[in-house]
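Colleague: Once you've had a glance at the structure underneath, I'll fire off some questions.
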Amino acid sequence: MLDVFVARQPIFDRQDRLVAYELLYRGNPTENRASGVSVSQMATDTLVRTLLSMGMDRVTGGKTAFINVSRDVLLADQFQVLDPTRVVIELLESIACDAETQPACASLVRRGYTLALDDFVYSPAYDPLLRLARIVKLDVLDRPLEELREVMEILAPFRVHCLAERVENAEVHAHCAALGFELFQGYFYARPEILSGREMPMQAANIIRLLNLLRNPDASDPQIEDAFRADMLLSFKLLRIVNSAALGGMGIESIKHAVQLLGRGSLHRWLSLLLVSSLTTSNGVHNELVTMAMQRARFCELIAETQGRRRESGALFMVGLFSLLDALLRKPMAEILGQVDLTAELRDVLLHRSGPHAPTLRLVEAYETARWDDVVVESTALDLPLAEVPELYAQAVEWTLQRNDPLR
Numbered sequence: 003m004l005d006v007f008v009a010r011q012p013i014f015d016r017q018d019r020l021v022a023y024e025l026l027y028r029g030n031p032t033e034n035r036a037s038g039v040s041v042s043q044m045a046t047d048t049l050v051r052t053l054l055s056m057g058m059d060r061v062t063g064g065k066t067a068f069i070n071v072s073r074d075v076l077l078a079d080q081f082q083v084l085d086p087t088r089v090v091i092e093l094l095e096s097i098a099c100d101a102e103t104q105p106a107c108a109s110l111v112r113r114g115y116t117l118a119l120d121d122f123v124y125s126p127a128y129d130p131l132l133r134l135a136r137i138v139k140l141d142v143l144d145r146p147l148e149e150l151r152e153v154m155e156i157l158a159p160f161r162v163h164c165l166a167e168r169v170e171n172a173e174v175h176a177h178c179a180a181l182g183f184e185l186f187q188g189y190f191y192a193r194p195e196i197l198s199g200r201e202m203p204m205q206a207a208n209i210i211r212l213l214n215l216l217r218n219p220d221a222s223d224p225q226i227e228d229a230f231r232a233d234m235l236l237s238f239k240l241l242r243i244v245n246s247a248a249l250g251g252m253g254i255e256s257i258k259h260a261v262q263l264l265g266r267g268s269l270h271r272w273l274s275l276l277l278v279s280s281l282t283t284s285n286g287v288h289n290e291l292v293t294m295a296m297q298r299a300r301f302c303e304l305i306a307e308t309q310g311r312r313r314e315s316g317a318l319f320m321v322g323l324f325s326l327l328d329a330l331l332r333k334p335m336a337e338i339l340g341q342v343d344l345t346a347e348l349r350d351v352l353l354h355r356s357g358p359h360a361p362t363l364r365l366v367e368a369y370e371t372a373r374w375d376d377v378v379v380e381s382t383a384l385d386l387p388l389a390e391v392p393e394l395y396a397q398a399v400e401w402t403l404q405r406n407d408p409l410r
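Quick note: to get the numbering used here, add 2 to the position in the sequence shown (first position is 1).
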């Protein structure tokens, strides 16, 4: 497991109401500002950590998130993984307005995203972006009031909301409010707060394999689904993405369902983010738990298929795959499932070992732990011939071994 960190700094309105957080990269829990990492890497890592490792709701508490983006991230158009109602795309001051960035920004606005211009210094060359942006952030630290007044007058025709950043004291806040600033951020309110989480390390080879499949127009949906099925961590992150892409509340019932909800374009974008963020490999205990979970998933699926319950096989695969997430993440299952939107049947079996999928999981767990009396009871309850159980288990082991090389 890897420890990951994100800082957040609150943003307030004129009535001192908390309206948003700006999310900031941090490499460790003690540094006050980022260092030693490129701007693009900071932007990518902050997005990945917030979206996939820690969860947007946990980081922002339901408030809007201002997310910094570099030119590379902007042009890669990786924002379809984000719900436009929950984020503001904050363009770093290093992004010039040119023939590439202006159309990219226009496309984001057409899709419902809000743009903010960070550390803005006016130039007529930025007029096209000012016509697209809704928020302009001005660094007010040690700037003369007359200079700020002139900038506010220039911005007035564009009808943008002006945000004063680096507000250090009550006097500066009062002056900015009098000038017409609507949003405020700075040490006068709060210093950035560092949040920590734990990341499940992943293998780059699996991500690259999926990226290649998504680029290939001849790759079938079952091939893409199978690639996810072979990687428990990617499957879990897939569900986190569905939750963050304005698709929550759908009640995900299988990996196939999640893939269909997102579409190939969005999948390719977030997988690219994962690859760029350079997550490292993990330890032996982690690998064994992942292997066991994959084996469990296939075992559950084979039981359903043997009994002619193919419509349930996708759900049962997920049951087995995610049944060890609490051990992997070292968190309560209820906390983990609070970050994804599964059907009620899947939640019941993972949390309480109850519901229609529970007998299959109980049989699989009993067989793994050599509780033979329970194996007899559960196979009888499922009306599954006891003699078939060892063969199904062997098939599950073989299936896992064939897909296991990337985990070792």
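C-beta atoms are modelled at their ideal positions from N, C-alpha and C, and glycine is treated no differently.
State the beta-bridge partners of Tyr27 as determined by DSSP.
Modeller: Numbered from its first residue, the sequence shown carries residue 27 at position 25. According to DSSP, Tyr27 bridges with Val8.
Colleague: Would you kindly report the start and end of the unbroken beta strand (DSSP E) that includes Asp375?
Modeller: For the purposes of this step, residue 375 is identified with residue 373 of the sequence shown, where counting begins at 1. Per DSSP, Asp375 belongs to no beta strand (DSSP E); it is in the alpha helix (DSSP H), 374-383.
Colleague: Could you tell me the alpha carbon to alpha carbon distance between Thr66 and Tyr369, rounded to whole angstroms?
Modeller: Within the sequence shown, residue 66 is the residue found at index 64, counting from 1. Within the sequence shown, residue 369 is the residue found at index 367, counting from 1. Cα to Cα, the separation comes out at about 47 Å.
Colleague: Specify, as a first and last residue, the run of the alpha helix (DSSP H) that Ile254 falls within.
Modeller: For the purposes of this step, residue 254 is taken as the residue at position 252 of the sequence shown. Premise fails: Ile254 is in no alpha helix (DSSP H) and is neither H nor E.
Colleague: Look up Ser284 in the DSSP assignment and say whether it is helix, strand or coil.
Modeller: For the purposes of this step, residue 284 is identified with residue 282 of the sequence shown, where counting begins at 1. Confidence in Ser284 is poor, its pLDDT being 44 and thus under 50, which makes the residue's placement too unreliable to answer from.
Colleague: Residues in its own chain within less than 7 Å of Ser280 by CB, not counting five upstream and five downstream?
Modeller: Along the sequence shown, read from residue 1 onward, the residue named residue 280 stands at position 278. In this predicted model, Ser280 has a pLDDT of only 37, less than 50, meaning its place in the structure is not dependable; the value taken from the coordinates is given anyway. Nothing listed; no residue qualifies.
Colleague: If you pair each beta-carbon of the stretch 295-306 with each one of the stretch 338-352, do three or more pairs fall below 8 Å?
Modeller: These segments do not touch.
Colleague: Would you call Ser284 buried or exposed, if buried means 16 or more other Cβ atoms sit within 10 Å of its Cβ?
Modeller: Translated into the one-based positions of the sequence shown, residue 284 becomes position 282. With a pLDDT of only 44 at Ser284, under 50, the local geometry of the prediction cannot be trusted, and the value read off the model is given with reservation. So Ser284 ends up on the buried side.
Colleague: Within 10 Å of its beta-carbon, does Val321 have 16 or more other beta-carbons around it, so buried, or fewer, so exposed?
Modeller: By one-based count along the sequence shown, residue 321 stands at place 319. It is buried - the Cβ of Val321 has at least 16 other Cβ atoms within 10 Å.
Colleague: What separation, rounded to the nearest whole angstrom, lies between the Cα atoms of Ser72 and Ala22?
Modeller: Counted from its first residue, the sequence shown places residue 72 at position 70. Counted from its first residue, the sequence shown places residue 22 at position 20. Distance between the alpha carbons of Ser72 and Ala22 is about 20 Å.
Colleague: Measuring CA to CA, which of Trp374, Pro105, Leu132, Tyr115 is closest to Val89?
Modeller: As a first step, residue 89 must be located in the sequence shown, where it is residue number 87. Checked all of Trp374, Pro105, Leu132, Tyr115; the closest Cα to Val89 is Tyr115.
Colleague: What does a CB cutoff of less than 8 Å around His163 pick up in its chain, not counting 5 residues either side in sequence?
Modeller: For the purposes of this step, residue 163 is taken as the residue at position 161 of the sequence shown. Only Arg136, Ile137, Val138, Glu184, Leu185 meet the Cβ criterion.
Colleague: Strictly by DSSP, which residues pair up with Glu347?
Modeller: Counting from one through the sequence shown, the residue named residue 347 turns up at place 345. Glu347 is not bridged to any residue.
Colleague: Look at the alpha carbon of Leu330 and the alpha carbon of Glu400, and state the distance between them as a whole number of angstroms.
Modeller: Position 328 of the sequence shown, counted from the start, is the residue given in the question as residue 330. Position 398 of the sequence shown, counted from the start, is the residue given in the question as residue 400. Their Cα atoms are separated by approximately 23 Å.
Colleague: With H, G and I counted as helix, E and B as strand and the rest as coil, what does DSSP make of Gln187?
Modeller: Position 185 of the sequence shown, counting from 1, holds the residue named residue 187. If DSSP states are grouped into helix, strand and coil, Gln187 belongs with the strands.
Colleague: Given Arg312, which residues of its chain have a CB within under 8 Å of its CB, disregarding the five upstream and five downstream residues?
Modeller: Residue 312 sits at position 310 when you count from the first residue of the sequence shown. Closer than 8 Å at the Cβ level, and outside the excluded window around Arg312, lie Ala306.
Colleague: Determine whether the beta carbon atoms of Glu1 and Ala317 lie at a separation below 7 Å.
Modeller: No answer is possible for residue 1: the residues shown for the chain start at 3 and end at 410.
Colleague: Beta-carbon separation of Ala221 and Leu240 under 7 Å?
Modeller: Counted from its first residue, the sequence shown places residue 221 at position 219. Counted from its first residue, the sequence shown places residue 240 at position 238. No; because the gap between Cβ atoms is not below 7 Å, this pair is not in contact.
Colleague: Might you give, ordered along the chain, the residues of its own chain that have their beta carbon closer than 8 Å to the beta carbon of Tyr118, omitting 5 neighbours on each side?
Modeller: Start at 1 with the first residue of the sequence shown, and residue 118 comes out as number 116. This sequence places Ala at residue 118; Tyr is not what is there. Closer than 8 Å at Cβ, skipping near neighbours: Phe68, Val90, Ile91, Glu92, Leu93, Ala135, Arg136, Ile137, Val138, Lys139, Leu165.
Colleague: Taking the beta strand (DSSP E) that Ala67 falls in, what are its first and last residues?
Modeller: Position 65 of the sequence shown, counted from the first residue, corresponds to residue 67. Element bounds for Ala67: 66-71.
Colleague: Is Asn171 close to the ligand PLP? I mean its beta-carbon at under 6 Å from any heavy atom of the ligand.
Modeller: The ligand PLP is not among the ligands present in this structure, which contains no ligands whatsoever.
Colleague: Apart from the five residues on each side of it in sequence, which residues of its chain come closer than 8 Å, Cβ to Cβ, to Leu147?
Modeller: In the sequence shown, counting from the first residue as 1, residue 147 sits at position 145. These residues qualify, in order along the chain: His177, Leu181.
Colleague: Exposed or buried, which one is Glu24 when buried takes at least 16 other CB atoms within 10 Å?
Modeller: By 1-based counting over the sequence shown, the position of residue 24 is 22. By the neighbour-count rule (16 or more Cβ atoms within 10 Å), Glu24 is buried.
Colleague: Span of the alpha helix (DSSP H) holding Val399?
Modeller: Residue numbering aside, residue 399 sits at position 397 when the sequence shown is read from its first letter. Looking at the DSSP string, the run of the alpha helix (DSSP H) that includes Val399 is 391-404.
Colleague: From the beta carbon of Ile97, is the nearest beta carbon of chain D less than 7 Å away?
Modeller: Checking the listed chains, one finds no chain D in this structure; it contains a single protein chain.
Colleague: Below 7 Å CB to CB, which residues in the same chain sit around Arg355 once its five sequence neighbours on both sides are set aside?
Modeller: Residue numbering aside, residue 355 sits at position 353 when the sequence shown is read from its first letter. Hits under 7 Å: Leu363, Arg364.
Colleague: How many Å lie between Thr402 and Ser237 at the Cα?
Modeller: Here residue 402 refers to the residue found at position 400 when the sequence shown is read from its first residue. Here residue 237 refers to the residue found at position 235 when the sequence shown is read from its first residue. Approximately 15 Å, taken between the alpha carbons.
Colleague: Please identify the residue among Ile338, Val351, Arg332, Tyr191 whose C-alpha is closest to the C-alpha of Phe319.
Modeller: Reading the sequence shown from its first residue, position 317 is the one you call residue 319. Checking every option, the nearest Cα to that of Phe319 belongs to Val351.
Colleague: Quick one: grab the DSSP three-state call for Cys107.
Modeller: On the sequence shown, residue 107 is found 105 positions in, with the first residue counted as 1. It is helical.
Colleague: Is the beta carbon of Leu26 sitting closer than 7 Å to the one on Pro194?
Modeller: The residue you call residue 26 lines up with position 24 of the sequence shown. The residue you call residue 194 lines up with position 192 of the sequence shown. Their beta carbons are under 7 Å apart, which means Leu26 touches Pro194 by this criterion.
Colleague: Do Val61 and Val8 count as a contact pair if the criterion is CB distance below 7 Å?
Modeller: Position 6 of the sequence shown, counted from the first residue, corresponds to residue 8. Position 59 of the sequence shown, counted from the first residue, corresponds to residue 61. Yes. Within cutoff.
Colleague: Return the residue from the list Asp228, Leu291, Arg10, Arg266 that minimises the CA-CA distance to Pro219.
Modeller: Taking the first residue of the sequence shown as 1, we reach residue 219 at position 217. Of Asp228, Leu291, Arg10, Arg266, the residue nearest in Cα terms is Arg266.
Colleague: On the three-state DSSP scale, how would you describe Asp15?
Modeller: Along the sequence shown, one-based indexing puts residue 15 at 13. Strand, per DSSP.
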